[in-house]
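These notes concern the structure reproduced below.
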Amino acid sequence: MTSRRQFIKLSGAAVLVPLINIPVASAAEKVAADNATAVALKYTGDATNATRTDKMGTVAAMQFCNNCHFYTADAAVSGYGACTLFQNALVAELGWCTGWTPPM
Ligand code: SF4
């Protein structure tokens, strides 16, 4: 028979195990072209190569990672910044993907 104390210990372990396995990109890791999310979102490191359309009041030609809501510049890696859609992996500041959203 499981005591209340044993049950609480086992329950806690069961909750923590899935959290430990969440893959989180390191801050210095750049998004690879073959990354499944990058492919799905049509990410490119050069926005001028993308087929962009006007979105949320911003003309297509003005949409870049560095003016996207999900982008945070990385002072340690020139020309790149962290993107929350890619679990904070680095994307090119002049890149783009279909997830582009204007700053809020
Ligand atoms: S979500 Fe924004 S910052 Fe992230 S890759 Fe797409 S356009 Fe760039």
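Using this note's numbering, you'd call the opening residue of the sequence shown number 1082 and step up by one each time. Even for Gly, the Cβ is constructed at its ideal location relative to N, Cα and C.
Any non-hydrogen atom of the ligand NAP within 7 angstroms of residue i CB
i	result
L1171	The model on display carries the ligand SF4 but not the ligand NAP.
Cβ-heavy atom distance, residue i to the ligand SF4, below 7 angstroms
i	result
Y1161	no
G1180	yes
L1166	yes
L1175	no
Own chain residues within Cβ distance below 6 angstroms of residue i, not counting five before or after
i	result
T1153	G1162 and A1163
Top-ranked residue by Cα proximity to residue i, from the options
i	options	result
G1126	K1136, P1183, T1134 and Q1144	Q1144
C1146	W1177, M1185 and V1140	W1177
F1151	K1136, T1165, G1138 and A1119	T1165
T1118	P1183, F1167 and N1130	F1167
M1185	L1122, T1179, Y1124 and T1139	T1139
K1111	K1123, L1171, Y1124 and K1136	L1171
V1158	C1149, A1173 and N1148	A1173
T1182	A1114, L1122, A1113 and D1155	L1122
Residues near residue i in its chain [Cβ-Cβ closer than 7 angstroms; skip 5 each side]
i	result
S1107	With a pLDDT of 48 at S1107, under the threshold of 50, the modelled position of that residue is not reliable, and the figure given next carries that caveat. Taken in chain order, the list of residues that qualify is empty.
N1187	There is no way to answer for residue 1187, as the model of the chain reaches only from 1082 to 1185.
T1179	L1122 and K1123
K1136	Q1144 and W1181
Contacting residues, own chain, Cβ-Cβ under 8 angstroms from residue i (five flanking each side not counted)
i	result
T1134	A1141
A1128	Q1144, F1145, C1146, L1175, G1176 and W1177
Chain B within 8 angstroms of residue i, Cβ atoms only
i	result
P1184	Considering every chain present, this structure includes no chain B. It has just one protein chain.
Where are the beta strand (DSSP E) runs, 3 residues long or more, that stay fully inside the region 1100 to 1177, in chain order? 1152 to 1154, 1161 to 1164 and 1170 to 1173
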